[in-house]
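Asks: As they're listed, the protein sequences go chains A and B.
Terminal number for the first sequence in UniProt numbering: 246, no gaps in between.
Terminal number for the second sequence in UniProt numbering: 246, no gaps in between.
Each residue gets a CB set at the ideal place from its N, CA and C atoms; glycine is no exception.
On a predicted model such as this, the values are computed, not experimentally measured, just so you know.
2 protein chains.
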Amino acid sequence: MANSPSGDSMTDRLVRVLETFTPTRTVQTSAEIGRRAGLPSSSAHRIVAELVDAGLLERDESRGIRVGMRLWELATRSSGALRLRQVALPFMERIQARVGEHTQLAILEQDEALFLERLSHPDAVTNITRVAGRLPLNASSSGLVLLAYADPEVRDRVLSGRLIPLTPATITDPATLRRTLGEIRLQGHVVAPGYIEDVSTGLAVPVRNAAGAVVAALSVVLPRDAPTESALAALHRAARDIERAL
Amino acid sequence: MANSPSGDSMTDRLVRVLETFTPTRTVQTSAEIGRRAGLPSSSAHRIVAELVDAGLLERDESRGIRVGMRLWELATRSSGALRLRQVALPFMERIQARVGEHTQLAILEQDEALFLERLSHPDAVTNITRVAGRLPLNASSSGLVLLAYADPEVRDRVLSGRLIPLTPATITDPATLRRTLGEIRLQGHVVAPGYIEDVSTGLAVPVRNAAGAVVAALSVVLPRDAPTESALAALHRAARDIERAL
Numbered sequence: 001m002a003n004s005p006s007g008d009s010m011t012d013r014l015v016r017v018l019e020t021f022t023p024t025r026t027v028q029t030s031a032e033i034g035r036r037a038g039l040p041s042s043s044a045h046r047i048v049a050e051l052v053d054a055g056l057l058e059r060d061e062s063r064g065i066r067v068g069m070r071l072w073e074l075a076t077r078s079s080g081a082l083r084l085r086q087v088a089l090p091f092m093e094r095i096q097a098r099v100g101e102h103t104q105l106a107i108l109e110q111d112e113a114l115f116l117e118r119l120s121h122p123d124a125v126t127n128i129t130r131v132a133g134r135l136p137l138n139a140s141s142s143g144l145v146l147l148a149y150a151d152p153e154v155r156d157r158v159l160s161g162r163l164i165p166l167t168p169a170t171i172t173d174p175a176t177l178r179r180t181l182g183e184i185r186l187q188g189h190v191v192a193p194g195y196i197e198d199v200s201t202g203l204a205v206p207v208r209n210a211a212g213a214v215v216a217a218l219s220v221v222l223p224r225d226a227p228t229e230s231a232l233a234a235l236h237r238a239a240r241d242i243e244r245a246l
Numbered sequence: 001m002a003n004s005p006s007g008d009s010m011t012d013r014l015v016r017v018l019e020t021f022t023p024t025r026t027v028q029t030s031a032e033i034g035r036r037a038g039l040p041s042s043s044a045h046r047i048v049a050e051l052v053d054a055g056l057l058e059r060d061e062s063r064g065i066r067v068g069m070r071l072w073e074l075a076t077r078s079s080g081a082l083r084l085r086q087v088a089l090p091f092m093e094r095i096q097a098r099v100g101e102h103t104q105l106a107i108l109e110q111d112e113a114l115f116l117e118r119l120s121h122p123d124a125v126t127n128i129t130r131v132a133g134r135l136p137l138n139a140s141s142s143g144l145v146l147l148a149y150a151d152p153e154v155r156d157r158v159l160s161g162r163l164i165p166l167t168p169a170t171i172t173d174p175a176t177l178r179r180t181l182g183e184i185r186l187q188g189h190v191v192a193p194g195y196i197e198d199v200s201t202g203l204a205v206p207v208r209n210a211a212g213a214v215v216a217a218l219s220v221v222l223p224r225d226a227p228t229e230s231a232l233a234a235l236h237r238a239a240r241d242i243e244r245a246l
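(1) Which residue wins for smallest C-alpha separation from residue 236 of chain B, given the options B:222, B:218 and B:245?
(2) Only counting runs of 3 or more residues, tell me where the beta strand (DSSP E) segments fall wholly within the region 117-182 of chain A, in order along the chain.
(3) Less than 8 Å between the C-beta atoms of residue 144 of chain B and residue 176 of chain B, yes or no?
(4) Which of helix, strand or coil does DSSP assign to residue 90 of chain A?
(5) Return yes when the Cβ of residue 142 of chain B is within less than 8 Å of the Cβ of residue 169 of chain B, no when it is not.
(6) So residue 86 of chain A contacts chain B; which residues on that side make the cut at Cβ distance below 7 Å?
(7) How would you label residue 335 of chain A, buried or exposed, when you count the other beta carbons within 10 angstroms and need 16 or more for buried?
(8) Whole angstroms is fine: what's the gap from residue 192 of chain B's alpha carbon to residue 16 of chain A's?
(9) Which of the three DSSP states is assigned to residue 210 of chain B in this structure?
(10) For residue 63 of chain A, which residues from the same chain have a beta carbon less than 8 Å from its beta carbon, with the 5 sequence-adjacent residues on both sides left out?
(11) Can you give, in chain order, each stretch of the alpha helix (DSSP H) that sits fully within the region 14-60 of chain B and has at least 4 residues?
(12) Whole angstroms are fine: how far does the CA of residue 121 of chain B sit from the CA of residue 90 of chain A?
(13) Identify the contact partners of residue 22 of chain B in chain A, using a Cβ-Cβ distance below 7 Å as the criterion.
(14) Please go through the same chain and pick out, in chain order, the residues whose beta-carbon is closer than 7 Å to the beta-carbon of residue 2 of chain B, but skip the five residues on each side of it.
(15) Whose CA, out of B:160, B:18 and B:81, lies closest to the CA of residue 117 of chain B?
(16) Identify which residue in B:111, B:207, B:230 and B:84 has its Cα closest to the Cα of residue 101 of chain B.
(17) Can you tell me whether residue 189 of chain A is helix, strand or coil according to DSSP?
(18) Return the chain-ordered list of same chain residues with a C-beta closer than 7 Å to the C-beta of residue 59 of chain B, the five sequence neighbours on each side being excluded.
(19) Checking contacts by CB at 8 Å: is residue 42 of chain A closer than that to chain B?
(20) Measuring only between beta-carbons, confirm whether residue 1 of chain A sits less than 8 Å from chain B.
(21) Looking at the unbroken beta strand (DSSP E) that takes in residue 109 of chain A, where does it start and where does it end?
(22) Measure the C-alpha to C-alpha separation of residue 224 of chain A and residue 97 of chain A and round it to an integer number of angstroms.
(23) Start and end of the beta strand (DSSP E) containing residue 237 of chain B?
(24) Round the Cβ separation of residue 138 of chain A and residue 172 of chain A to the nearest angstrom and send it over; I've been treating them as touching at under 8 Å.
(25) Taking the DSSP output, what are the residues bridged to residue 99 of chain A?
(26) Taking the alpha-carbon of residue 61 of chain A as reference, which of A:162, A:93 and A:27 has the nearest alpha-carbon?
(27) In the DSSP output, what is residue 221 of chain B paired with across the bridge?
(28) Closest by CA to residue 12 of chain A, which one among B:204, B:71 and B:239?
(29) Using beta carbons (cut-off 8 Å, strictly below), is residue 146 of chain A in contact with chain B?
(30) To the nearest angstrom, how far is it from the Cα of residue 163 of chain B to the Cα of residue 194 of chain B?
(31) Report all residues from its chain with a CB closer than 7 Å to the CB of residue 33 of chain B; omit the five preceding and five following residues, and keep chain order.
(32) Quick one: is residue 93 of chain A buried, meaning 16 or more other Cβ sit within 10 Å of its Cβ, or exposed?
(33) So what's residue 75 of chain B in DSSP terms, helix, strand or just coil?
(34) Do you know how far the Cα of residue 77 of chain A is from the Cα of residue 112 of chain B?
(35) Suppose you measure from the CA of residue 67 of chain B to the CA of residue 85 of chain A; what does that come to, to the nearest Å?
(36) Determine the burial state of residue 22 of chain A: buried for a count of at least 16 other Cβ atoms within 10 Å of its Cβ, exposed for fewer.
In structure tokens:
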């Protein structure tokens, strides 16, 4: 698309506008969007007006701007990963009915774990995961599984980058992480006690496509001291069921 | 954003590109996208390349173009309607465990019923609904509930437009439809036998926000001749639970 005087493309500007919306910032004014996207005020107003006309953004009663349902619809209806999520959902429900905590499905996206789905019981243990939210590969159980089976170049890039701890238990030493990833490939699952939050343990298994490549991680979150055996068995069984259904 | 020689804005072109992707057409070449979006080939290639760079579209191994996960993530993470879906999900699971067929959540979007969620059992009765798919307001049980409680101007617009039958049972007569909408408001639910498919019956109830406005329809799909009483009771109970949780 045409470039602005500053040289960034219109697509870049659009992405910067959309990126100003977050799970905790769902309504903004045009001026706030412009400031956060680093756009001149007149450009911000024009872009927002066009996106509202197209239904990609929506104006609420008090003139606040929200992400539009039309954008969600266009992004969702033809997405391959969302087909994975739809196939997995009944089996995730079965895990959750049995294990009784959070059940999650994540994929590898730009060197992070992106969560496609999360089922939760109202009285389940605390969990910071959100649908369409992300967690670091070295900290979340889903991330560890995705990293264990990722292309070697992804693994090398993540291992040579900054490994940020979310708790004192998060693995941040590259050698320890590399050894852990080898153990995950050997065992076919991970148990991650307190890596994300002190009070909880994450368990995750890989989900493979017809060609045998790992395309997702299926995980549950348990209280830190809960037994893991029956939850791991439920995860392995569900992963096999999802693979058959794919 | 800057306008092209033909006068359509870059946002219009972007939307036209995204609209070429559908649930049954998830991979296309740049040339196909350009032809379906009505864009000159050089423009189509440039726009697609920019959208791929931004992660909003993705190129697969065989150079086909798909909708990117980044677009889904940006569209989903700050969407208000998806918060509704996340709140409703545990209660929808409970309905489905009890009723054993499809359970769905829909909102009114541009004079159609847009489906935010659908839970299905593998052996459930046939159902043409898709997540992020749409159905006409006069045909689906969800649509009838949404139309019954819509603003009068929406109702007048739909009633004076074309009412397309999906089966011989679909209501297409404006006077009959207006009377049916009145009955829905009186009873607080709808039973729609064979309106969408001959073999199934849809049941739907409204879901209200804290201010009492109807924001969604909660529905189940049953085999055509199944008893409806316990499913209706489960729907009413779940709608109340969702309203309390919102």
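Replies: Taking the definition as stated:
(1) B:218
(2) 134-136
(3) no
(4) helix
(5) no
(6) 131
(7) A question about residue 335 of chain A goes unanswered here, because the residues of chain A that appear run from 1 up to 246.
(8) 45 Å
(9) coil
(10) 29
(11) 30-37 and 41-53
(12) 7 Å
(13) 77 and 78
(14) Any reading at residue 2 of chain B must be qualified, since the residue scores a pLDDT of 47, below 50, and its modelled position is unreliable; no value is offered.
(15) B:81
(16) B:230
(17) coil
(18) 52 and 65
(19) no
(20) With a pLDDT of only 46 at residue 1 of chain A, under 50, the local geometry of the prediction cannot be trusted, and no value is derived from it.
(21) 102-109
(22) 19 Å
(23) Run containing residue 237 of chain B: none in the beta strand (DSSP E); it sits in the alpha helix (DSSP H), 229-245.
(24) 7 Å
(25) Paired residues: none, contrary to the question.
(26) A:27
(27) B:102 and B:202
(28) B:71
(29) no
(30) 16 Å
(31) 17, 20, 44, 48 and 65
(32) buried
(33) helix
(34) 15 Å
(35) 15 Å
(36) exposed
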